[in-house]
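To convert, count from 1 in the sequence shown and add 397; that's our numbering.
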Amino acid sequence: MEQKVTGNPFVMYLDKFNVLSPNHSKIYDEYNRDAESEGSFEFTIATKIEKHLKDIFLRSPHSVILTGNAGDGKTRLCRLIHDQFSNNPLMSWPENGIITVQYEKGTIKIVKDLSELKEEVVYDILSELQCYVCNRHKESVFFLIAANEGKLSKVLMRYNELSVLRQHIMERFDSHENNNDQLSVINLLDVTSSVYVERVLNEWNKEEYWKSCEECEKKTQCIIYLNHRRTSRPAIQQKIVDQYRLLDYLEAHITLREMLIHVSYLITGGYICKDILEADHTQICDQSKKVYYQNFYGVGIGEEAFSEMKALRIFRSLDPGLYSYSQVDDFIIHGDINGDEEIERLYDRVFDNDLDMEFDYFRKKIRFYREYGQNIDQSFFEHWMPRLRRKVYFELEDRKYLNTLKLLPFEYLEQYISLFNNNNAQNSIRKELINGLNRAFSRRLIQKFKSKGSFYLKVSNETLMIYGSFDRRRIELLQEDERSDLDHLPSKFFLVVDGEVKLKINLSVFEYLMRLSSGGTHNILSQEVEILLNTFRNELIRISKPDMDVLEIYRLDRDSGVYVEHELDE
Numbered sequence: 398m399e400q401k402v403t404g405n406p407f408v409m410y411l412d413k414f415n416v417l418s419p420n421h422s423k424i425y426d427e428y429n430r431d432a433e434s435e436g437s438f439e440f441t442i443a444t445k446i447e448k449h450l451k452d453i454f455l456r457s458p459h460s461v462i463l464t465g466n467a468g469d470g471k472t473r474l475c476r477l478i479h480d481q482f483s484n485n486p487l488m489s490w491p492e493n494g495i496i497t498v499q500y501e502k503g504t505i506k507i508v509k510d511l512s513e514l515k516e517e518v519v520y521d522i523l524s525e526l527q528c529y530v531c532n533r534h535k536e537s538v539f540f541l542i543a544a545n546e547g548k549l550s551k552v553l554m555r556y557n558e559l560s561v562l563r564q565h566i567m568e569r570f571d572s573h574e575n576n577n578d579q580l581s582v583i584n585l586l587d588v589t590s591s592v593y594v595e596r597v598l599n600e601w602n603k604e605e606y607w608k609s610c611e612e613c614e615k616k617t618q619c620i621i622y623l624n625h626r627r628t629s630r631p632a633i634q635q636k637i638v639d640q641y642r643l644l645d646y647l648e649a650h651i652t653l654r655e656m657l658i659h660v661s662y663l664i665t666g667g668y669i670c671k672d673i674l675e676a677d678h679t680q681i682c683d684q685s686k687k688v689y690y691q692n693f694y695g696v697g698i699g700e701e702a703f704s705e706m707k708a709l710r711i712f713r714s715l716d717p718g719l720y721s722y723s724q725v726d727d728f729i730i731h732g733d734i735n736g737d738e739e740i741e742r743l744y745d746r747v748f749d750n751d752l753d754m755e756f757d758y759f760r761k762k763i764r765f766y767r768e769y770g771q772n773i774d775q776s777f778f779e780h781w782m783p784r785l786r787r788k789v790y791f792e793l794e795d796r797k798y799l800n801t802l803k804l805l806p807f808e809y810l811e812q813y814i815s816l817f818n819n820n821n822a823q824n825s826i827r828k829e830l831i832n833g834l835n836r837a838f839s840r841r842l843i844q845k846f847k848s849k850g851s852f853y854l855k856v857s858n859e860t861l862m863i864y865g866s867f868d869r870r871r872i873e874l875l876q877e878d879e880r881s882d883l884d885h886l887p888s889k890f891f892l893v894v895d896g897e898v899k900l901k902i903n904l905s906v907f908e909y910l911m912r913l914s915s916g917g918t919h920n921i922l923s924q925e926v927e928i929l930l931n932t933f934r935n936e937l938i939r940i941s942k943p944d945m946d947v948l949e950i951y952r953l954d955r956d957s958g959v960y961v962e963h964e965l966d967e
């Protein structure tokens, strides 16, 4: 007698990451330990920081402070170092969260979470750490401390007796390059969010975890299985990675825990096998809406779950379903009757009759409207167009006909991406960025540079007075470095004037300045950028050396309608 399939155990494992599931608490402290039922699905994500910490305590032992948000993996790293240098694996943390490991180089004191301790205990720990750092660890006792930056800074600022340690730590907060063989402070917020997502997708989509689904009679009606099949495709995985890479460019950080929660929801939509197996026709229709490209942005998710999932709050602002691009919209509605055989074949590949298309409902409805000459009602468009734009963004592989990046809210994204590891492109874009800065400072449409090779950064304000001028030879655009100590991909640039004053250029700043340079207005993305620009301008004024005999201003040139430079002699 054939055994009835009751569900896939791996789906129950993924349910641990469902923020509304009773199983959700199992992911805390460690992502890969659950001896009760899901032990066979243990997995680890290899990271640079793990290797770096092991190397520190093996080759150049000194004290280390780990900072970052809850969910960045600080506790996991503390456990890993314990297990690396202890004879016995750590089964549970002591009540005070402090444990000592003896090893060949000395003693490691591991503090699981400084923020959980009373202030007097934190003070004692930091006092002890200060002694070890000042004595260059001659006692061979080394701390590994997981800390919340706010709680750590608060205690350091409150006690003058910790002034030496405070100086050491603040220097390292300013730059990881100040870490040395006496003390390292490593901020896990510096990990770029895109690094791990592809590894998780590859691991969770291993065919061995989904074998039981092959035997399931409901697999053609199972949105979980469809999401697995789709997110197994390399091209779709790359699109998911690209969306996470956007967060790197925008300096929006998602913790490792938040990413695991997001990718789990991406695949399951919050369902388990029981939901699929017991679904009636109406429920199958509802489940079909939980396709991965909808789940990615939290479409249709309840407010409670949405508020618990930070990744959804961030990605929703990047949702390609919300931005109409005429060529994509035309492809969705008319691609099957385009007249170009290649485009029609492309249409058939993207808009198949699978579960996410509610089988052939969409195409039948479109044909009905055409054949009977009726206008498509607005509610049909409002339901399907955002959904199918997302589908096109993720599943249209051939960019020969449609550039799906046009569905994202950035005009200059491709240009920004092209700058990385491209010195010529970085050098040539400086002129556009400087033109954008001149317009940002003055809040006027300043005349563009006439000469191809020459350009100047003019430090001005809304009164149109020019306080200083810097020619192109004094201005560099530098790409940030890759990190050797943790997983951080170069994601931004720095505009450096006279080797001293820096402006951070992430995607938001780049987009803002490029739009201004091309004649756009100041209200785009302005809130998050203008504080940076005002600080940059003040620093430039500080290092400016204006000619005291000449007053330089901008004046309106009535013939051209733009503002031009003008000198007033005393």
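Glycine is no exception: its CB is placed at the ideal position from the N, C-alpha and C atoms.
The alpha helix (DSSP H) enclosing residue i, as first and last residue numbers
| i | result |
| --- | --- |
| Q499 | Q499 -> not in any alpha helix (DSSP H); beta strand (DSSP E) instead, spanning 495-500. |
| R360 | There is no way to answer for residue 360, as the model of the chain reaches only from 398 to 967. |
| Y813 | 810-815 |
Beta-carbon separation (whole angstroms), residue i vs residue j, contact threshold 8 Å
| i | j | result |
| --- | --- | --- |
| I669 | D882 | The pair is not a contact, with the Cβ atoms about 39 Å apart (cut-off 8 Å). |
| F414 | I658 | 5 Å |
| I843 | L874 | I843 to L874, Cβ: 20 Å. No contact. |
| W607 | N405 | 7 Å |
| E936 | V898 | 4 Å |
| L450 | I495 | In fact, because the Cβ distance is near 18 Å, the residues do not count as touching under 8 Å. |
| L511 | L562 | Going by Cβ atoms, the distance from L511 to L562 rounds to 13 Å, so no, they are not a contact pair. |
Burial state of residue i, where buried means 16 or more other Cβ atoms lie within 10 Å
| i | result |
| --- | --- |
| C682 | exposed |
| L854 | buried |
| F778 | exposed |
| V597 | buried |
| Q618 | buried |
| T665 | buried |
| L623 | buried |
| F838 | buried |
| E829 | buried |
| R642 | buried |
Beta-carbon gap between residue i and residue j smaller than 8 Å
| i | j | result |
| --- | --- | --- |
| I505 | L541 | yes |
| R841 | Y960 | yes |
| V747 | V688 | no |
| I651 | A702 | no |
| S723 | L644 | no |
| G503 | V530 | no |
| G468 | R654 | yes |
| L886 | T444 | no |
| V856 | R786 | no |
| K903 | Y646 | Sequence inspection shows Asn at residue 903; the Lys mentioned does not correspond to that position. Going by C-beta atoms, N903 is nearer than 8 Å to Y646. |
| R836 | S914 | yes |
| A544 | T472 | no |
| S685 | D757 | no |
| L549 | G465 | no |
| G718 | R784 | yes |
| Y593 | I442 | yes |
Terminal residues of the beta strand (DSSP E) in which residue i lies
| i | result |
| --- | --- |
| Q876 | 872-876 |
| D868 | 862-868 |
| Y951 | 947-954 |
| G503 | 503-508 |
| L900 | 898-902 |
| S888 | Counting along the chain, S888 falls outside any beta strand (DSSP E), and DSSP gives it neither H nor E. |
| T464 | 460-464 |
| F539 | 538-544 |
| L842 | L842 -> no beta strand (DSSP E), and no H or E assigned at all. |
| S857 | 853-857 |
| V582 | 580-584 |
For residue j and residue i, the rounded distance between their alpha carbons
| i | j | result |
| --- | --- | --- |
| Y951 | R912 | 21 Å |
| L929 | K901 | 8 Å |
| I938 | F890 | 22 Å |
| L793 | I729 | 11 Å |
| F791 | D639 | 10 Å |
| D521 | L514 | 11 Å |
| E741 | Q691 | 24 Å |
| K535 | H459 | 10 Å |
| R627 | I633 | 7 Å |
| L417 | S572 | 39 Å |
| R430 | E908 | For R430, the predicted structure reports a pLDDT of 47, less than 50, and the residue's modelled location is therefore unreliable. The matter cannot be settled from this model. |
| R476 | L487 | 7 Å |
| Q812 | L559 | 47 Å |
| S776 | V408 | 34 Å |
| H421 | Y410 | 10 Å |
| S704 | R710 | 8 Å |
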